[in-house]
Amino acid sequence: MTIRKANRLWNYKTLELSSMQGPDFLEQLGNILDEAGKSGWELAYMCESFMILKQLFIQDPED
0 MTIRKANRLW NYKTLELSSM QGPDFLEQLG NILDEAGKSG WELAYMCESF
50 MILKQLFIQD PED
């Protein structure tokens, strides 16, 4: 079964950023976004206290 992006199926994930505040904030944020990108998640919205990631996918049936 293969996975492809679709416009109508949306998954959201919210991550709290206020607990990550500190001198290594940008490094931690970069690591989170790298791992999220590898799993097919995209940044939808970000502010000082949280960020929202979205994932669009659909599974194609086997041929």
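The letter at position 61 of the sequence shown is residue 60 when you use numbering that gives the first Met the number 0, and the numbering goes up by one with no holes.
Yeah, the Cβ is synthetic: ideal placement off N, Cα and C, and Gly gets one too.
- Within the DSSP secondary-structure output, W9 pairs in a beta bridge with L55.
- By the Cβ-count criterion, L42 is exposed, with fewer than 16 other Cβ atoms from all chains shown falling within 10 Å of its own Cβ.
- Look at E47 here: in three-state DSSP terms it is coil, with no helix or strand label.
- For E15, the pairing in a beta bridge is given by DSSP as F49.
- Separation of the CB atoms of M50 and L8 is rounded to 21 angstroms, and the pair is thereby denied contact status at 8 angstroms.
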